[in-house]
Amino acid sequence: VDLGRLVVAKSIVLKFVDEDLGDPFLQFDVLASQGNKPKGNQRSALPEFSTILRSLRPNKDQRIFEIDMNQEGANFSGTGIRFVQVVVTGSDLDRGRELSREQYEALPNAEQGAIDHFKKLSGNREILVEQSVYERLDAERRGSIRYFRKERPRLAELEVLAEGDEILTGMLERGGFGTASQTASISNLIDGEIESKVQFITVFGKGSLPAPEGGIFFDLGAFYWIDAFRMAYGGGAFRAYHLDFSDGKLEADGSLKWLVAVDRDSGVSTADNHVGLGFGIYEGNDFARVKARFFRLVWKQYEAGGGFGGGSGQPAEMQLYGRGFQPEVTLTSDLVRLGSSRNLLSIEWEADTPPGTKVVLQTRTGNELDEVLRYFKKDGTEVTEAEYSKLLSIFRGETVGKEVAGSDWSDWSQPYEDALGSPITSPSPREFLEIRAVLLSEDPDQSATLRSIRLNFADPVAQG
41 VDLGRLVVAK SIVLKFVDED LGDPFLQFDV LASQGNKPKG NQRSALPEFS TILRSLRPNK
101 DQRIFEIDMN QEGANFSGTG IRFVQVVVTG SDLDRGRELS REQYEALPNA EQGAIDHFKK
161 LSGNREILVE QSVYERLDAE RRGSIRYFRK ERPRLAELEV LAEGDEILTG MLERGGFGTA
221 SQTASISNLI DGEIESKVQF ITVFGKGSLP APEGGIFFDL GAFYWIDAFR MAYGGGAFRA
281 YHLDFSDGKL EADGSLKWLV AVDRDSGVST ADNHVGLGFG IYEGNDFARV KARFFRLVWK
341 QYEAGGGFGG GSGQPAEMQL YGRGFQPEVT LTSDLVRLGS SRNLLSIEWE ADTPPGTKVV
401 LQTRTGNELD EVLRYFKKDG TEVTEAEYSK LLSIFRGETV GKEVAGSDWS DWSQPYEDAL
461 GSPITSPSPR EFLEIRAVLL SEDPDQSATL RSIRLNFADP VAQG
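Quick note, the sequence shown lines up with residues 41 to 504 if you use this note's numbering.
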């Protein structure tokens, strides 16, 4: 089973069907892999697996197996895995379960298994013999006859219980982005692949230190409540770093105002890190829940040579986790066509706003529309205009025009305050309108719900 990306697993559970539906595997192994290639065979189609469960005796009755993956680390517990494999190592084949003769004969032909015949020996012992031999024995030498149902090994569920939904996944697709103090492929740090590691130089020779710190910056593309960080290394670990978060508020100089959630001291060693499958090195930090749109990891750089990891940090995957409703969600309507130039009178809305939440509505208006072209490959993938122009004609798909606001559109209005009816302050009369709704929450356990919006407008008197 390919889980699709690297996850921090807490447990793996195998559930077999009930007795009337089938049997558990008689003997089996469970293997897992974080996704790294076998050492010495980087071209292998299969990753390197480690055995995490091995059944040592035949099993007929246990139908739930739970494998604890909470290998204790310095700052979190769990194991990074990407693949799970179940290998059946033993089977009773046509001797799955012994039955009475009546039960055996009531079975469908496809489920009837072996019939074993036994010859009596001295001392009340018996020995298995062929049916033809059994039939030639005298009556007093004939032993028991045993009837079996065929084994029906059926696994109902394979569950991997993990940390939860990971926030950095999909960040680029939802409009977020990342940058680093050194040239690096940010996508390699959030693609779920342990092999796509990035190397950052953290130790410089004396006099060559360009800055006391290096770092990686992320715009998450949305707001979240965040309370956990996980990182998998593909090589050396950072000796010291801090994790900073920002909700977008600014300092006096216009830079983002940062909150330091974690400050790791120098002197990190392999023993301080969690060692997972395939001898991977993992770090993790749990911290007080923060509201954030922006995140950065900043490592401390040193002039002295040497250092843990040979003077470099090689993160392979970075992950953020949180709990609670998103603290801020922005919804923008499609283009609203009013049919002709209309006077906009008022806006009303219906919403549920529990304590700590609110809904903010704004409008903007205009008369002009522009068209933006979108470019697609034959397989439906959207590309930039420059990428489209480089494609061979056989790979080019359609170009689609999309209407967008023109140059005469107003800015977004001030937030409207009265849900029962607020005068619309965007310029009118106008032909087109857009509405923006922002759902806000200061309580991770509460969220606002927007149910409906009503616009009131009229034809301009002077238009005739």
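Every residue, glycine too, gets a C-beta built ideally from N, C-alpha and C.
In this text the structure is predicted, and so the values were computed from the model without any measurement.
### Message
Considering just the uninterrupted stretch of the alpha helix (DSSP H) at glutamine 125, what are its terminal residues?
### Response
Looking at the DSSP string, glutamine 125 is not in any alpha helix (DSSP H); the run it does join, the beta strand (DSSP E), is 119-130.
### Straight-line Cα distance separating leucine 479 from proline 469
Distance between the alpha carbons of proline 469 and leucine 479: 28 Å.
### Task
Could you tell me whether the Cβ atoms of glutamate 151 and lysine 190 are closer together than 7 Å?
Contact flag set, yes.
### Message
Looking at valine 399: is its Cβ nearer than 7 Å to the Cβ of alanine 488?
### Response
Their beta carbons are under 7 Å apart, which means valine 399 touches alanine 488 by this criterion.
### Message
Is the separation between the beta-carbon of phenylalanine 335 and that of serine 481 shorter than 7 Å?
### Response
Taking 7 Å as the Cβ cut-off, phenylalanine 335 and serine 481 do not qualify as a contacting pair.
### Task
Just grab the DSSP bridge partners of asparagine 383 for me.
Note: asparagine 383 sits in a beta bridge opposite Ala498.
#### Entry: Residue interval of the alpha helix (DSSP H) (run including tyrosine 174)
First-last of the alpha helix (DSSP H) with tyrosine 174: 171-176.
### Message
Quick check on this structure: which residue in Gly396, Arg436, Pro394 has the alpha carbon closest to the alpha carbon of arginine 414?
### Response
Taking only the C-alpha atoms, the option nearest arginine 414 is Arg436.
### Message
Taking the beta carbon of glycine 215 as the centre, do at least 16 other beta carbons fall within 10 Å, making it buried, or is it exposed?
### Response
Exposed, by the Cβ-count rule.
### Message
Suppose the cutoff is 7 Å on Cβ atoms and the five residues either side in sequence are ignored; what does the same chain contact list for lysine 297 look like?
### Response
Only Ser286, Lys289, Leu290, Glu291 meet the Cβ criterion.
### Query
Going by alpha carbons, who is nearest to methionine 109 out of Gln67, Ile52, Leu161?
Answer by Cα proximity: Ile52.
### Query
Can the beta-carbon of serine 352 be found less than 7 Å from the beta-carbon of glutamine 239?
Their beta carbons are under 7 Å apart, which means serine 352 touches glutamine 239 by this criterion.
### Message
Is it the case that the region 130-150 contacts the region 75-83, given that we only count it when at least three CB pairs across the two stretches are under 8 Å?
### Response
No, because fewer than three Cβ pairs between the region 75-83 and the region 130-150 fall closer than 8 Å, the two stretches do not touch.
### Range covered by the alpha helix (DSSP H) that runs through tyrosine 273
Looking at the DSSP string, tyrosine 273 is not in any alpha helix (DSSP H); the run it does join, the beta strand (DSSP E), is 253-273.
### Query
What are the residues that DSSP puts in a beta bridge with proline 24?
Residue 24 falls outside the range modelled here, since the chain spans only 41 to 504, and no answer is possible.
#### Entry: isoleucine 266 versus alanine 85: straight-line alpha-carbon distance, rounded
So the two alpha carbons sit approximately 36 Å from each other.
#### Entry: For arginine 141, the first and last residue of its enclosing alpha helix (DSSP H)
Start and end: 141-146.
### Task
For the beta strand (DSSP E) holding alanine 477, just list the boundary residues, first then last.
For alanine 477, the enclosing beta strand (DSSP E) covers residues 470-481.
### Query
For the beta strand (DSSP E) that contains lysine 50, what are its first and last residues?
Counting along the chain, the beta strand (DSSP E) containing lysine 50 begins and ends at 42-56.
### Task
Please determine, among Leu66, Gly118, Ser73, Asn115, the residue with the shortest C-alpha to C-alpha distance to leucine 96.
That would be Leu66, whose Cα lies nearest to the Cα of leucine 96.
### With 16 other Cβ atoms within 10 Å as the buried cut-off, status of lysine 331
Around the CB of lysine 331, 16 or more other CB atoms lie within 10 Å, so the residue is classed as buried.
### Exposed unless 16 or more other CB atoms sit within 10 angstroms - verdict on alanine 49
Classification for alanine 49: buried.
### Message
Could you give the first and the last residue of the continuous alpha helix (DSSP H) run that contains alanine 426?
### Response
Counting along the chain, the alpha helix (DSSP H) containing alanine 426 begins and ends at 425-430.
### Task
Please determine if the region 370-389 and the region 459-477 are in contact, where contact requires at least 3 C-beta pairs separated by less than 8 Å.
Judged by Cβ distances under 8 Å, the region 370-389 makes contact with the region 459-477, as three or more pairs qualify.
### Query
beta strand (DSSP E) containing valine 302: first to last residue?
Residues 299-304.
### Query
Rounded to a whole number of angstroms, what is the C-alpha to C-alpha distance between alanine 72 and aspartate 303?
Cα to Cα, alanine 72 sits roughly 32 Å from aspartate 303.
### Through-space distance from arginine 94 to alanine 311, alpha-carbon basis
With a pLDDT of 47 at alanine 311, under the threshold of 50, the modelled position of this residue cannot be trusted; read the value that follows with caution. Cα to Cα, alanine 311 sits roughly 27 Å from arginine 94.
### Task
Return yes when the Cβ of asparagine 383 is within less than 7 Å of the Cβ of proline 500, no when it is not.
It is a contact, given that the beta carbons lie within the stated cut-off.
### Message
Which same chain residues end up closer than 6 Å to serine 450 when comparing Cβ atoms and leaving out the 5 residues on each side of it in sequence?
### Response
Sequence-distant partners of serine 450 (beyond 5 residues in either direction) whose C-beta falls short of 6 Å from its own C-beta, in its chain, are Arg404, Thr405, Ser466, Pro467.
### Query
Grouping DSSP H, G and I as helix and E and B as strand, with all else coil, what is serine 462?
Shown here, serine 462 sits in a strand according to DSSP, grouped into three states.
### Query
By the 10 Å Cβ neighbour count, where 16 or more other Cβ atoms means buried, how is phenylalanine 269 classified, buried or exposed?
With a threshold of 16 other beta carbon atoms within 10 Å, phenylalanine 269 meets it and is buried.
#### Entry: DSSP-derived helix/strand/coil call for glycine 163
The three-state reading of DSSP puts glycine 163 in helix, counting H, G and I together.
### Query
With a CB to CB cut of under 8 Å and the five nearest residues on each side skipped, what residues in its chain are close to threonine 397?
Contacts found: Leu479, Leu480, Ser481, Glu482, Asp483, Gln486, Ser487, Ala488.
### Query
Between glycine 324 and lysine 237, what straight-line distance do the alpha-carbon atoms span, to the nearest angstrom?
Roughly 17 Å between the two C-alpha positions.
### Query
How about glycine 362 and tyrosine 456: do their beta carbons lie closer than 7 Å?
No, these two residues do not count as a Cβ contact at 7 Å.
### Query
For glutamate 59, which three-state DSSP category applies?
Note: glutamate 59 maps to coil in three-state DSSP.
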